Every structure is written in C-alpha cells, then in structure tokens.
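2 protein chains.
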Amino acid sequence: MSLSPAPPRRPLLTRGSRPLTTTVPAINELGEIVPTQIAGELPLTLYVDKREIVTLMTLGAAPEALAIGWLRNQRLVSSLDDIESVQVDWNVGAVAVKTRKGLVNAEARLGSRTVTTGCGQGTVFGGLMDEIDAIHLPAQRRLSQTTLYALLDAVRLHESIYKLAGAVHGCALGAANSDEGCEILFFNEDVGRHNAVDAIAGQMWLDGLDGGDKVFYTTGRLTSEMVIKTAQMGIPFLVSRSGLTQMGWEIARKIGLTMIGRAQGKHYLLFTGEERFIR
Amino acid sequence: MSLSPAPPRRPLLTRGSRPLTTTVPAINELGEIVPTQIAGELPLTLYVDKREIVTLMTLGAAPEALAIGWLRNQRLVSSLDDIESVQVDWNVGAVAVKTRKGLVNAEARLGSRTVTTGCGQGTVFGGLMDEIDAIHLPAQRRLSQTTLYALLDAVRLHESIYKLAGAVHGCALGAANSDEGCEILFFNEDVGRHNAVDAIAGQMWLDGLDGGDKVFYTTGRLTSEMVIKTAQMGIPFLVSRSGLTQMGWEIARKIGLTMIGRAQGKHYLLFTGEERFIR
Chain V
1 MSLSPAPPRR
11 PLLTRGSRPL
21 TTTVPAINEL
31 GEIVPTQIAG
41 ELPLTLYVDK
51 REIVTLMTLG
61 AAPEALAIGW
71 LRNQRLVSSL
81 DDIESVQVDW
91 NVGAVAVKTR
101 KGLVNAEARL
111 GSRTVTTGCG
121 QGTVFGGLMD
131 EIDAIHLPAQ
141 RRLSQTTLYA
151 LLDAVRLHES
161 IYKLAGAVHG
171 CALGAANSDE
181 GCEILFFNED
191 VGRHNAVDAI
201 AGQMWLDGLD
211 GGDKVFYTTG
221 RLTSEMVIKT
231 AQMGIPFLVS
241 RSGLTQMGWE
251 IARKIGLTMI
261 GRAQGKHYLL
271 FTGEERFIR
Chain A
1001 MSLSPAPPRR
1011 PLLTRGSRPL
1021 TTTVPAINEL
1031 GEIVPTQIAG
1041 ELPLTLYVDK
1051 REIVTLMTLG
1061 AAPEALAIGW
1071 LRNQRLVSSL
1081 DDIESVQVDW
1091 NVGAVAVKTR
1101 KGLVNAEARL
1111 GSRTVTTGCG
1121 QGTVFGGLMD
1131 EIDAIHLPAQ
1141 RRLSQTTLYA
1151 LLDAVRLHES
1161 IYKLAGAVHG
1171 CALGAANSDE
1181 GCEILFFNED
1191 VGRHNAVDAI
1201 AGQMWLDGLD
1211 GGDKVFYTTG
1221 RLTSEMVIKT
1231 AQMGIPFLVS
1241 RSGLTQMGWE
1251 IARKIGLTMI
1261 GRAQGKHYLL
1271 FTGEERFIR
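Heads up: the protein sequence lines correspond to chains V and A, in order. Note that my numbering gives residue 279 to position 279 of the first sequence, counting from 1, and the numbers run on in steps of one. Note that my numbering gives residue 1228 to position 228 of the second sequence, counting from 1, and the numbers run on in steps of one.
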C-alpha cells in the first residue's frame, strides 16, 4: 500500500492527549515507602458513526491518531479522506469517529476475530492473514548499518515513559533514506505495543507519509501481527530490541520484509530481507 | 470464586503439545551467520459445539488447558463439569470443545469486546470490568518475603523457552501456604502472557485446585486484564518481574489483591494489599 506524498484532507480533530504517568506509593524490600511512577491505562471506546466498535486500553498519549490508525490497520477505512472527524472525550472515555461513507466491509471484518500475540491490540478483525499476498514492499530500498545504529541511538533518547514508569511499549518511525543518521519522525509509547504502532499508522496518514522509505522500530516482540501491520503500512524495514516468533519470521520471509531483531547498542540479528541491508 | 478441592469429572482430552522452538539462521553485526532459536507461534482456532469462537496465536505447549482456561476466564463456561471433551488437531490448527449444556450467556459475552493491554489474548469478551465487584479474595491468607524469594528463585530455573528463544511470557502457579520455600505447581510459557495465564487457569480446573492459597507469578506487565484474571481464579497474590499500569493498580486496590511488581532476585515493590504480606 502506498500513500500520496501530498497531505490529504485532514479530518476535524480534538487534541485529547492525557497525562501519561501517575505516582503511587510502594513498599520495597527494606520496608521503605517508595513513591513510584506508573503508566496510565485508560479505556477508550471507539464509536464510528455512532456505532460502538471496540474498547482500547491506552496510555492516552495520542488518542486521535490511535483511533485513525486502528481503523486503518483493521482495513475498516481505506483512506484518510473517508474520515470527517475524530472527537475524543475522556469524560466518557470515548472517541467518536465520523466517516463520509461508512466503514469498509464492516460486517464481514467485525464478524470474525483473531486474538493475536499483540499487546494492547491483540485483535485483528477479519482474515488479515489471508491478505498478506496482496502486500508488495519496495525491493530497491536499502537500510545501512550506519542508519540502523543511528536509529537505535535516537530511540534510546526518546523513551520517556518507559524510563519513568515502565510497563509501556515504544514505537518509532524513522527516515531510512539517508546513509548516515536517522531522523525519527514520530515516537509513540503506549501500554500496548499495538496501540503504539496503530497511533503511528494514524499519524502517517495525517501527515500524508509513504512508508516505502521509512524504518519502523518497536520495543515489542516481532510476532505475526506486528510484521503484518508494518507491511500494511508499506514499510520495508522492521527493527526490534526483542526477539521474534516463528510465524512472524515466516510472514516476513513470505512478503520480503527486512526484519532485524535483538537490536540494541551495536548488536543486532538480521533475520529476513538481507538483500535490502548494507553492512 | 472458590473451587471444590476434589478433582471434578475430567473431560476427554487430547495431548496436543507441540515442539516449542525452531532454529532459523540470522546474520549478526559481524556478518556471521548465527543459528538462532525462535519461539513457535501457531494459530489455534477454538470451536465450541462446532461454532467458531476465536483464533488464538499460541506457542502450543498446552493447547487443551489453554482452551479450557480461555473459556473459564471469559466466563463462557462456569465449571469443568460442563466440558465433555477438548480435542486438538494441529493439522487443521483447531481445538474442538464439546460442552454438556452450551456456553454461558454466549450471545451477550461474545457480542461486545474489550481489546485490552494483554499479550496473546488481548481481548475480554463481555463486560468483565463490570463484574469485579463480585470478586472476593480471602482476607486471612498471608505471603511471606521468604516464600516470595523462594518463588522468584524457582521461576528462574523454570524459564526454558525464554532462555532459548525469548519472545515468550512465563506464568507460574505457586503454593503460598508454607512459610519457607514455594512449590511451583505449574509453569507455562506462551507467546502471549494471557495464553500463559489462561492455560494455568485451565490446568487448575483440571486438577481441581482452589486459588485461595496460591500465588500467581507472571513475567508480564500488571495491566487491568492480568489483575482481573488473577482475581477471577481466586488467587490473592500476584507477582511480576515487570511494572504495572494505573488501571491494574486501581483494580488491585478495589478488590484487595496483594500485588508485587518489579520482583527479581531480592528486590520487589509491594503496591497493594500489604496487609497480607509478611516481611
């Protein structure tokens, strides 16, 4: 899937970002009371054209982008132009999306569910697995080891909530089209790694960004769902600090995704798509 | 919720455990090819009385217990006696459950979904959040620091797949009724931490175990869903190596669960239910 480089018509948006951590008292092994920061987690119920679709548990950092990206990654909306408005109201824990022509194939997609190994969003409505054959990633793109190391450095500086409170996953979208350095375009943390990736998918739409020259980083594990979502965003490079699963590996090979795991500091393991990687 | 100490009628079960890891080649930062073990991840579609309910992505270690525990934790089956048989067939990636009298309140529960921050099983069908008021945990039970340290020691020795391949979560059920030592009754690893907890919930039913004198350990984060599932199993003690989220903390306080996070080696943070903890 490739997006127009020109920013599409932006929907009407609220700015519903929430305070991301809270401090609670804990007692340590010495019996001392230790004020401890913990990550926020709030239910956000998604309504589309007044129909209740799903409740997401989220940190609340980017609820509008999360709602848009969730609809995008579930293939319930095929273009940002189809979204008229996204309104978050934390008083009722709701995000109301108004579309111009309804959801795509809603009954079929919302009918069946796959509970995946995803965090936060461990659900793919509809037969996502059946659609991976339709995915084509740009073959000519390259990622250099220099850019990879720059990405890992940049991510380290971004992880705010994780450092404070833990219990969150971070995702970053980097520009992979330079030989040196790696500009991080967005960084998003959420209590679930799939919220984090979906929020970035939403932001990419809002800014009219194509995935073809990007690299996607996640702190989370490279499971089937993470691989599929990355490919759906048209991003040929997927990098994680964590390990991967067999199905994540198989799907990455099938669709020709360049997948790098166990990436931290100057270490990494390149698992698939080595033809795109320059050491 | 309290279970009869006498083992109930056991359903007819297959023994569908799968090989848990596979080895794939990876290329490291030196350009060396490194054979790397990765965790299995297989789709397992749950059918109840021939009706397709959900597809779980699982490591495949304990598929029968997983299916039973998933139905238990979704409150779709109220007793093991209601389950006549559980048949796993990996050739078609299916587990077929036959009940004696159908699912409890199936239409209502399967109608609404909450996508939670759970891994592997990030979905609670039906309004689980609304039911936490009905949960009562035994107030008189105690967990000593000695038992906690013994549990952490024992868990370290159990983590097999994680050590080999990573990308899995582990859960352990320990006996909390002794002053010293902590016998681990079950240990389960899966690609998602909620698969791991559900498989243990299923095994507890199969062995007719009450949760009241147990301690539940998870490598995963203490999110709302993890807290609720622990309480649903009647277990008053929840221990994790990881951090917690605000909603996990709030629910644990509300239901009086004794929750310990960041537990590793001789360190821990006691967040809630300190009246049950003996230092």
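Built from N, CA and C at the ideal position, the CB exists for glycine as well. Only a predicted model underlies this, so the values are computations on that prediction, with no experimental measurement involved.
Contact with chain V by His1267(A), beta-carbon distance below 8 Å = yes
Relative to chain A, which residues along the stretch 242-260 of chain V have a C-beta separation below 8 Å, given in chain order?
-> Ser242, Gly243, Leu244, Thr245, Gln246, Met247, Gly248, Trp249
Within chain A, partners of Thr36(V) - CB distance below 8 Å | Leu1269, Phe1271
Would you tell me roughly how many angstroms separate the C-alpha atoms of Thr230(V) and Glu41(V), rounded to the nearest one?
-> 24 Å
Have a look at the DSSP bridge pairing and note the partners of Pro1296(A).
-> Residue coverage of chain A in this structure runs from 1001 to 1279, which leaves residue 1296(A) outside it and unanswerable.
Does the beta carbon of Arg279(V) sit closer than 8 Å to a beta carbon anywhere in chain A?
-> yes
Applying the criterion that 16 or more other CB atoms from any shown protein chain within 10 Å of the CB defines a buried residue, is Leu157(V) buried or exposed?
-> exposed
Which residues, in order along the stretch 56-79 of chain V, keep a beta-carbon less than 7 Å from a beta-carbon of chain A?
-> Leu56, Met57
Any idea what DSSP makes of Ser285(V), helix, strand or coil?
-> Missing from the structure shown is residue 285(V); chain V here goes from 1 to 279 and no further.
What's the gap between the Cα of Glu1275(A) and the Cα of Glu1180(A)?
-> 19 Å
Secondary structure at Ile255(V), three-state DSSP: helix, strand or coil?
-> helix
Partner residues on chain A for Asn28(V), Cβ-Cβ distance less than 8 Å = His1267, Tyr1268, Leu1269, Leu1270
Taking 8 Å as the threshold, find out whether the stretch 1186-1204 of chain A comes into contact with the stretch 1071-1079 of chain A through three or more Cβ pairs.
-> yes
Where in the stretch 1181-1236 of chain A do unbroken runs of the alpha helix (DSSP H), each at least 4 residues long, occur, reported from the N-terminal end onward?
-> 1193-1206, 1224-1232
What separation, rounded to the nearest whole angstrom, lies between the Cα atoms of Pro1025(A) and Arg1241(A)?
-> 30 Å
Among residues of its own chain, excluding the 5 on either side of Leu1269(A), which ones have a beta-carbon nearer than 8 Å to its beta-carbon?
-> Ile1260, Gly1261, Arg1262, Ala1263
Measure from the C-beta of Gly16(V) to each C-beta in chain A and report whether the shortest distance is under 8 Å.
-> no
List the residues of chain V whose Cβ lies closer than 8 Å to the Cβ of Glu1041(A), in chain order.
-> Thr117, Thr223, Ser224, Thr245, Gln246, Met247, Gly248
Got a sec: which bits of the stretch 200-215 of chain V sit with their beta carbon under 7 Å from any beta carbon on chain C, in order along the chain?
-> In the displayed structure, chain C is absent; the protein chains listed are V and A.
Cβ-based neighbour list, Asp1213(A), same chain, cut-off 7 Å, excluding 5 preceding and 5 following | Arg1141, Ala1175, Ala1176, Asn1177
Could you give the distance in angstroms between the alpha-carbon of Thr1219(A) and the alpha-carbon of Cys1171(A)?
-> 7 Å
Secondary structure of Ser1160(A), DSSP reduced to three states | helix
Quick one: Cα of Arg253(V) to Cα of Lys50(V), how far?
-> 40 Å
In whole angstroms, what separates the C-alpha of Ile135(V) from that of Phe216(V)?
-> 16 Å
How long is the line joining the alpha carbons of Gly93(V) and Gly60(V), rounded to whole angstroms?
-> 10 Å
Rounded separation between Pro1043(A) and Val1168(A) - CA only = 15 Å
For Asn28(V): DSSP bridge partner residues | Leu1269(A)
Met1204(A) vs Ser224(V) beta-carbon contact at 8 Å = no
Coarse secondary structure for Thr14(V), derived from DSSP in three states = coil
Can you tell which of Val95(V), Asn91(V), Gln87(V), Ser79(V) has its C-alpha closest to the C-alpha of Val104(V)?
-> Ser79(V)
Beta-carbon of Glu1189(A) versus every beta-carbon of chain V: anything under 8 Å?
-> no
List the residues of chain A whose Cβ lies closer than 9 Å to the Cβ of Glu180(V), in chain order.
-> The premise fails here: Glu180(V) is roughly 17 Å from chain A at the closest Cβ pair, so nothing lies under 9 Å.
Ordered along the chain, which non-local residues of its own chain (more than five positions away) have a Cβ less than 6 Å from that of Gly1069(A)?
-> Asp1198, Ala1199, Ala1201, Gly1202
Given Arg1018(A) as reference, the closest of Asp1133(A), Glu1189(A), Ala1139(A) once Cα atoms are compared | Glu1189(A)
So is Val1155(A) in contact with chain V if we call contact Cβ pairs under 8 Å?
-> no
Assuming Gly234(V) contacts Leu137(V) under a Cβ cut-off of 8 Å, what Cβ separation, rounded to an integer in Å, is found between them?
-> 7 Å
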